[in-house]
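Each residue of the sequence shown is one higher than the last, beginning at 1 in full-length UniProt numbering.
See structure below.
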Amino acid sequence: MAAEVSVNNGAPIVKLAQNGLLSGTVKISREGRPFYSFMGIPYATIPGRFEAAKPIQHAWRGIKSAEKAGSSCTQKAFNTLGDTLGDEICLFINVYVSNINTTKKSSELPTLIWIHGGGFTFGDGTSPCRPSFFMDEPVILVTFNYRLGVFGFLSTGDDVIPGNNGLKDQVAAFKWVQNNIPAFGGNPKKVTIFGVSAGGASVHYHLLSSLSTGLFHGGIAQSGSALSFWAYQPNPKENAVQLATYLNCSTMEENPSKITSLEILDCLKNLSKEELNEAQFKYKTSWPSNLRSFNFLPVSETKAKNSDNPFITASPMALVARGEYASKVPLIIGTTEDEGATMYAGVVLQNYELVKELDSEWDLIVPKTLGYGRSFSIEKQKVISDQLRKFYFGSKAVGSETAVNLTNMYSDVFNYPVYKSAKEYAKNGNQVFLYQYAMPGLVSIMGMPFGVTSELSKKVSHADEIQYLFDLLLPEGKSLIKSGSQEEQFSKHFVRLWTTFAKNGNPNHSWGNYLNQEWKPISQMELDGSQPIRWYKIEQNPHTINDPYKERMRALDKIFAEYYAQGPT
């Protein structure tokens with residue numbers, strides 16, 4: 001048992017380094033093993049809206065209950081964009097400790113820190129992150145909330161609102177883990193950060209930020225990269241002005257764009273969370289309208305003397321091009337087999353009017369839906385749009401007959417930045433394990449909220465892997481994955497793949513029919529082109545495959561060569 005955790009009347013008690021005693025609960029893993037659960041622990045405090053989080057310096061009195069999750073960070077409901085959820089006081093962390101009936105030495109267990117996805121705009125550290133699958137392995141699992149959307153990523157492009165508070169919240173959570181994980185029996189020198197989508201992009205961002213150096217020792221980036229267009233806002237001041245103008249913050253009716261950063265701050269600080277949540281989805285339109293518009297994102301901060309320590313001071317594209325990594329740790333990175341099948345292609349193809357609109361208004365729509373519109377001039381957007389149309393569709397129209405073409409294009413919104421990130425990080429002498437996830441899900445994670453019911457919903461699409469990492473519940477309260485099923489066996493191996501990496505810095509363990517086929521990191525021969533880049537295909541019987549996207553990645557290398565050589569700065 002973790003030496004620092006005691007039991008009082010059946011409840012686990014742990015003493016934190018600075019803040020006092022916590023009382024948790026005992027829960028049961030998938031295989032019936034008891035584990036400790038501590039939820040809703042405050043890990044940092046927010047001095048004021050749009051300000052960087054600060055450590056909690058004081059200790060609470062007595063024993064603080066950690067039996068229930070804390071409030072999620074304020075956001076709109078993802079499915080409907082209806083009610084405003086959560087609160088602005090939301091920086092809570094959850095710790096789950098396995099192996100409580102063993103006699104392991106204190107501070108021995110590796111720790112995995114999950115960074116939730118949701119486009120930096122939705123989500124929390126509790127749902128759907130039920131920990132029971134991981135608790136059959138000798139690890140500690142940590143999940144947490146961070147500020148989202150306008151509350152976490154508004155920036156005025158100067159030291160008034162520098163931005164990146166959501167990423168700085170993540171850093172605060174990592175620091176909390178370093179200070180407190182020994183009390184739970186964890187090894188602070190064996191910490192792996194992992195996440196999907198925006199969580200995966202966050203993992204990549206932390207490789208680039210000096211604020212995160214030394215706080216983690218391995219990373220797993222699932223379907224996310226800081227090089228993704230959807231993960232970076234190159235025009236933060238313009239974006240802030242547009243929001244403030246929509247909310248009538250400017251007193252200069254003839255020229256509202258002349259509003260100052262201080263005026264923006266003063267106005268937005270005095271609006272309700274409901275007003276801000278509503279406005280961030282209305283001041284700019286998305287296409288199609290039922291998809292989500294992500295505009296408040298990580299930024300490059302100025303080196304202003306009055307600002308807090310900046311997270312990054314150049315675009316991720318520029319940092320990667322210059323090889324400026326603040327951390328050099330082993331990395332697993334990859335995507336699903338058909339990333340864009342449900343969230344994009346499936347939504348469009350089930351609506352004939354959307355198909356017609358995309359086909360006829362290609363040059364206007366594609367820069368918006370693929371995310372590159374905010375990074376290029378109108379003229380350059382047109383050139384890129386024409387090149388993409390020619391490569392993916394040739395002379396064919398957009399429609400059901402070209403569903404595969406459309407799926408491939410939208411999938412490469414994720415595939416290409418991940419592929420580019422993997423190669424560039426490996427070029428700097430780092431171990432990079434590249435994968436393609438191809439195990440069909442029992443449900444379509446992104447197909448469900450967008451009502452995609454076509455054949456595309458059966459593809460292995462964006463975020464589908466999380467149903468095998470976390471215990472998702474059906475509406476009636478039962479686990480999605482049935483006991484004794486082949487899906488359960490796959491899930492156990494998949495979880496072990498990740499926990500083996502957290503323990504050893506290498507994911508390999510015996511699994512499936514290809515027991516002698518090792519998952520190797522990208523080699524120099526693969527980087528120089530003398531061998532094809534190998535991806536580890538994660539499915540019922542995982543095995544290595546030669547570059548499945550070779551021609552598509554080569555084409556995108558040419559189309560975006562200039563951008564990824566330096567990027568916006």
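Glycine included, C-beta positions come from ideal geometry on N, C-alpha and C.
- Per DSSP, reduced to three states, the secondary structure at ASN165 is helical.
- DSSP places TRP498 in the uninterrupted alpha helix (DSSP H) bounded by 486-504.
- Taking a cut-off of 8 Å for Cβ pairs, the region 107-123 and the region 140-149 touch, as three or more such pairs fall below it.
- Judged by DSSP secondary structure, TYR435 falls outside any alpha helix (DSSP H) and instead within the beta strand (DSSP E) spanning 432-437.
- Residues ASP363 of the same chain have their beta carbon placed closer than 6 Å to that of LYS382, with the five preceding and five following residues left out of the count.
- Per the coordinates, the alpha-carbon of THR245 lies some 52 Å from the alpha-carbon of PRO542.
- Here DSSP, grouped into helix, strand and coil, assigns SER293 to coil.
- Closest in C-alpha terms to VAL139, from the list PHE414, LEU276, LYS190, comes LYS190.
- Scanning its chain for C-beta atoms nearer than 6 Å, with the 5 sequence neighbours on each side dropped, one finds around ASN430 the residues LYS328, in chain order.
- Here THR251 is exposed, its C-beta having fewer than 16 other C-beta atoms within 10 Å.
- Around the CB of TYR352, fewer than 16 other CB atoms lie within 10 Å, so the residue is classed as exposed.
- Under the three-state reduction of DSSP output, ILE481 falls in the coil class, being neither helix nor strand.
- A distance of 7 Å or more separates the beta carbons of ALA11 and ILE41.
- Taking the CA atoms as reference points, GLU263 sits about 7 Å from CYS249.
- The DSSP-derived three-state label of HIS543 is strand.
- Under the Cβ criterion (8 Å, minimum of three pairs), the region 166-175 does not count as touching the region 532-542.
- With contacts defined as CB atoms closer than 7 Å, PRO234 and SER375 qualify as a contacting pair.
- The alpha-carbon of PRO532 is positioned some 20 Å away from that of ALA561.
- Rounded to whole angstroms, PHE494 and TYR43 show a C-alpha spacing of 30 Å.
- In this structure, the straight-line span from the alpha carbon of CYS90 to that of GLU526 is close to 44 Å.
- For PHE294 and SER71, the gap between their C-alpha atoms comes out near 22 Å.
- Here MET446 carries a coil assignment [DSSP, helix/strand/coil].
- Rounded to the nearest angstrom, the Cβ distance from THR336 to GLU488 is 20 Å, too far for a contact under 8 Å.
- By the neighbour-count criterion, in which 16 or more other beta carbons inside 10 Å mark a residue as buried, VAL418 falls on the buried side.
- In the DSSP assignment, ILE140 falls within the beta strand (DSSP E) that extends over 140-144.
- PHE38 and LYS478 have their C-alpha atoms roughly 23 Å apart.
- Distances from the alpha-carbon of ASN504 to those of VAL142, THR111, ILE93, LEU297 put THR111 closest.
- Look at the region 203-240 and you find no whole run of alpha helix (DSSP H) that is 4 residues long or longer.
- Annotation for PRO548: GLN436, TRP535 place their beta carbon closer than 7 Å to its own, counting only its chain and skipping 5 residues before and after.
- With fewer than three CB-CB distances shorter than 8 Å, the region 274-290 does not count as touching the region 51-68.
- Going by DSSP, VAL366 is part of no beta strand (DSSP E) but of the alpha helix (DSSP H) stretching over 362-370.
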